[in-house]
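**Student:**
Numbering (the working numbering), first residue to last: 136 to 320.
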């Protein structure tokens with residue numbers, strides 16, 4: 136079993152991004168992974184914006200990144216880039232915080248004009264931080280994510296299938312990594 140840190144970079148308490156991540160977390164748990172959710176918006180703004188590396192909440196978040204075998208990083212896309220909130224956290228992590236990690240990047244947004252944000256904005260940052268394997272990510276349109284009055288999440292069929300596929304690829308990549316480490320360790 137691998138440990139997965141599921142990071143939501145959305146500043147919104149009613150975020151489609153966070154709800155989508157929690158939905159995918161359930162799939163990963165069902166596949167035998169331990170999943171730890173982290174909503175960046177719950178970290179103290181003064182620590183994030185003031186670059187307070189020593190703030191206890193930032194130290195704890197950094198430890199979660201260190202502990203994880205894999206990361207699911209989700210963000211809404213604003214102005215063709217990942218959220219500033221996510222950027223503020225990534226900036227506080229050590230330069231090579233993702234060394235040896237498998238990463239699944241996910242994004243949500245209002246228009247297909249933002250679909251390349253994963254590959255042209257987020258992926259280079261993850262790579263520069265040393266991620267061992269960045270699996271193909273997925274961009275989901277906001278209109279494809281519906282939240283019922285009871286909080287139930289519904290994802291449009293085409294997007295649901297694509298998200299299941301990239302999540303399963305991520306899970307398989309974690310499994311392969313675990314097997315490789317066990318064989319060489």
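Here a beta-carbon is modelled for each residue, glycine too, at the ideal position from N, C-alpha and C. Note that the structure is a prediction, hence the values are computed from the model and not measured.
1) Could you compute how far the alpha carbon of residue 165 sits from the alpha carbon of residue 171?
2) Measuring CA to CA, which of 199, 203 and 183 is closest to residue 222?
3) Under the assumption that residue 302 contacts residue 159 (Cβ atoms under 8 Å), give the Cβ distance between them as a whole number of angstroms.
4) Around the Cβ of residue 144, are there at least 16 other Cβ atoms within 10 angstroms (buried) or fewer (exposed)?
5) With residue 139 as the anchor, note down where its beta strand (DSSP E) starts and where it stops.
6) Can you tell me whether residue 274 is helix, strand or coil according to DSSP?
7) Taking all protein chains shown into account, do 16 or more other C-beta atoms lie within 10 angstroms of the C-beta of residue 231, making it buried, or fewer, making it exposed?
8) How would you write the range of the beta strand (DSSP E) that residue 173 sits in, first residue to last?
9) With DSSP collapsed to three states, give me the class of residue 232.
10) Could you pull out every residue in the same chain whose Cβ sits closer than 8 Å to the Cβ of residue 293, ignoring the five residues on either side in sequence?
11) Please list the segments of the alpha helix (DSSP H) lying wholly inside the region 144 to 169, counting only runs of 4 or more residues, in order along the chain.
12) Within this structure, are the beta carbons of residue 205 and residue 142 separated by less than 8 Å?
13) By a C-beta neighbour count over all protein chains shown, 10 Å radius and 16 as the cutoff for buried, is residue 214 buried or exposed?
**Tutor:** In brief:
1) 14 Å
2) 183
3) 5 Å
4) buried
5) 138 to 143
6) strand
7) exposed
8) 169 to 174
9) coil
10) 279
11) 151 to 165
12) no
13) exposed
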